[in-house]
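Numbering (UniProt numbering), first residue to last: 1 to 112. Data block below; observations after.
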């Protein structure tokens, strides 16, 4: 299968979906992303990334059960697919390989 490249934001969203183990939804991902990355991210940005990831076949969605806390409304829950998980593994391996090539004390540029 052809390799699909992810931007940093899509990669982070995909990692969060994988980490939430089938219980990932827009608001929860947004809160977790804001906490973990110290970024100010809006729900519509997360929804757009989830839509792109779903189009690429890296996440699947399903409707959760209605809850009283949401006034009987259901959440749209996301789960990482096998292809999405394999993509994350490939990215992790590539980054590890690149980090292994960085010397312990690299020559650094002097800021002027």
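Even for Gly, the Cβ is constructed at its ideal location relative to N, Cα and C. From a predicted model like this one, the values you see are computed outputs, not experimental measurements.
For residue i, I'd like the list of residues in its chain whose CB is within less than 8 Å of its CB, leaving aside the five on either flank, ordered along the chain.
i, result
"residue 25", "64, 75, 76, 77, 78"
"residue 67", "73, 74, 75"
"residue 22", "77, 79"
"residue 46", "13, 26, 29, 30, 33"
"residue 35", "none"
Taking the DSSP output, what are the residues bridged to residue i?
i, result
"residue 94", "DSSP lists no partner for residue 94."
"residue 80", "59"
"residue 24", "78"
For residue i, name the three-state secondary structure that DSSP assigns.
i, result
"residue 62", "strand"
"residue 100", "helix"
"residue 110", "coil"
"residue 43", "helix"
"residue 19", "helix"
Can you tell me the Cβ-Cβ gap for residue i and residue j, rounded? I've got them flagged as a contact below 8 Å.
i, j, result
"residue 87", "residue 6", "7 Å"
"residue 52", "residue 10", "6 Å"
"residue 58", "residue 81", "6 Å"
What residues in its chain sit with their C-beta under 6 Å from that of residue i, if we drop five residues either side in the sequence?
i, result
"residue 4", "56"
Taking the straight line between their C-alpha atoms, what separation do you get for residue i and residue j?
i, j, result
"residue 8", "residue 69", "33 Å"
"residue 100", "residue 106", "12 Å"
For residue i, collect the residues of the same chain with a Cβ closer than 7 Å to its Cβ; drop the 5 residues on either side in sequence, then sort them by chain order.
i, result
"residue 41", "30, 33, 34"
"residue 61", "54, 76, 77, 78"
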